[in-house]
Amino acid sequence: DVATDLKTLQNVLQNPKQRGVFGEYYLSSVLENILAPGQYQTQYKFRDGEMVDAVIFLDKGQILPVDSKFSLENYNRMIEASGKEREQLMQKVKADLKGRIDETSKYIRPSEHTMDFAFMFIPSESLYYDLLINNVGQGGSSRDLIEYAFREKHVIITSPTSFMAYLQTVLQGLRSLQIEEQAKDIQVRVGKLGQHIAKFEEYMQKLGNSLGTTVNHYNNAHKELGKVDKDVVKIAGSDSSVEVLTLDRPSSIDKK
């Protein structure tokens, strides 16, 4: 019955080993609902044999590591406690989360084609919510923890409801970056095209000048031939002569 199922779930969540399995299962369910099978992989193994709970395959062979961390035991005890005991447990919860942030950051491996950040998935909306509204810690310590994760360890903390929003932001950012890269590539190609056209015009100008010089030499040679012809006529006493054919100089190419 329902009561038995809830009791079984409670026992699972109270078992430190089983909590990790539950977190991985929850993460796998979320990924299965929002991504196609080929877009992600659970229990992804790195070169050194270390495994992360899941990775999401992005464009250009890049991967986004996602680790599921479920520190609920001290958190549940903290909720039920009060006074100094609550403060002590609060510090333990913060230490648990910090340790898991550090652990998640180990999966950021650009040399193995990961992004330069990772997702830390907390399968507990209440814990995630308390992090956001500063209920975990006092004096902004939870906010400091989120800042520590993002700024120092490049880890983005997510929950079941916020996971998709963060992922969509990453994917949209990558698309925008790709469009920007394509625009830059087009700009470079247009620049090269302009250089090639300028070079072509330069060579055409040189060719025109060379042809003009060649025509001048040709015409001058025929003029000299005409002089030779006159000499021959005078010597031979003949009226026959060679008709001198001249060529027009090619029009110059105006640069615009």
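Residues 893 to 1148 in the numbering used here are what the sequence shown spells out, letter by letter.
From the three backbone atoms N, C-alpha and C, an ideal C-beta is built for every residue, glycine too.
If you're wondering where the values come from, they're calculated on a predicted model, not measured in any experiment.
TODO: Determine the direct distance from the alpha carbon of Tyr967 to that of Glu977, and round the result to whole angstroms.
DONE: 12 Å
- [ ] Please find out if some non-hydrogen atom of the ligand GTP comes closer than 7 Å to the beta-carbon of Tyr999.
- [x] You won't find the ligand GTP in this model; it holds no ligand whatsoever.
Open item on the list: Assuming Ser1018 is part of the alpha helix (DSSP H), what are its boundary residues?
Closed with: 1017-1024
- [ ] Find the nearest neighbour of Lys961 within the set Gln983, Glu995, Val922, judged by alpha-carbon distance.
- [x] If we check each option's Cα against that of Lys961, Glu995 comes out closest.
Task: Cβ separation of Ile948 and Gln931, assumed to be a contact under 8 Å, to the nearest whole Å - done: For Ile948 against Gln931, the beta-carbon gap comes to about 6 Å, under 8 Å, which counts as contact.
TODO: Compare the beta carbon distance of Phe1009 and Ile1048 with 8 Å and say whether it is the shorter of the two.
DONE: Contact check for Phe1009 against Ile1048 passes: the beta carbons are separated by less than 8 Å.
Open item on the list: Let's test the definition: count the other Cβ atoms within 10 Å of the Cβ of Pro1015 and tell me whether it reaches 16, buried, or not, exposed.
Closed with: buried
Task: Rounded C-alpha distance that separates Asn1112 from Asn1101 - done: Rounded to whole angstroms, Asn1112 to Asn1101 spans 17 Å at the Cα level.
Task: Bridge partners - Met943, DSSP secondary structure assignment - done: Lys937
Open item on the list: Given a cut-off of 8 Å on the beta-carbon distance, is the pair Asp951 and Leu1066 in contact?
Closed with: yes
Open item on the list: Here's the rule I'm using: 16 or more other beta-carbon atoms within 10 Å means buried, otherwise exposed. How should Thr1006 be labelled?
Closed with: So Thr1006 ends up on the buried side.
Open item on the list: I'd like to know whether the C-beta atoms of Asp1077 and Phe1013 end up nearer to each other than 8 Å.
Closed with: Taking 8 Å as the Cβ cut-off, Asp1077 and Phe1013 do not qualify as a contacting pair.
Open item on the list: Taking the alpha-carbon of Asp1022 as reference, which of Ser1051, His1109, Ser1003 has the nearest alpha-carbon?
Closed with: Of the candidates Ser1051, His1109, Ser1003, the one whose C-alpha sits nearest the C-alpha of Asp1022 is Ser1051.
Task: Beta-carbon contacts of Tyr1040 that lie in its chain and below 8 Å, excluding the five residues immediately before and after - done: Lys990, Ile993
- [ ] Can you give me the Cβ contacts of Thr934 inside the same chain, cut-off strictly under 6 Å, excluding the 5 residues immediately before and after it?
- [x] Ser920, Ala946
- [ ] Report yes if the CB atom of Asp1019 is closer than 8 Å to the CB atom of Leu964, and no otherwise.
- [x] The sequence shown places Leu at residue 1019, not Asp. Yes, these two residues count as a Cβ contact at 8 Å.
- [ ] Would you list the residues sitting across from Val958 in a DSSP beta bridge?
- [x] Ala946, Phe1011
Task: Beta-bridge partners of Tyr1058, as assigned by DSSP - done: None; Tyr1058 has no bridge partner.
- [ ] Using the Cα positions of Gly1029 and Gln983, report the straight-line distance between them to the nearest angstrom.
- [x] Low confidence applies here, because Gly1029 scores a pLDDT of 45, under 50, leaving its location unreliable; read the following figure in that light. In a straight line, the C-alpha of Gly1029 is about 7 Å away from that of Gln983.
TODO: My understanding is that Tyr999 touches Pro957, with C-beta atoms under 8 Å, so please give their C-beta distance in whole angstroms.
DONE: 4 Å
Task: Identity of the residue in Phe938, Glu1044, Tyr1095 nearest Glu1004 by Cα - done: The candidate whose alpha carbon is nearest that of Glu1004 is Phe938.
TODO: Answer with buried or exposed for Met943, where buried requires no fewer than 16 other C-beta atoms within 10 angstroms of its C-beta.
DONE: Under this definition Met943 is an exposed residue.
Task: Buried/exposed call for Leu981, threshold 16 Cβ in 10 Å - done: buried
- [ ] Would you mind giving the Cβ-Cβ distance between Phe1011 and Val922, rounded to the nearest angstrom? I have them listed as a contact below 8 Å.
- [x] So it is not a contact: roughly 11 Å between Cβ atoms.
Open item on the list: List, from N- to C-terminal side, the alpha helix (DSSP H) runs of 4 residues or more that fit wholly inside the region 1030-1112.
Closed with: 1033-1039
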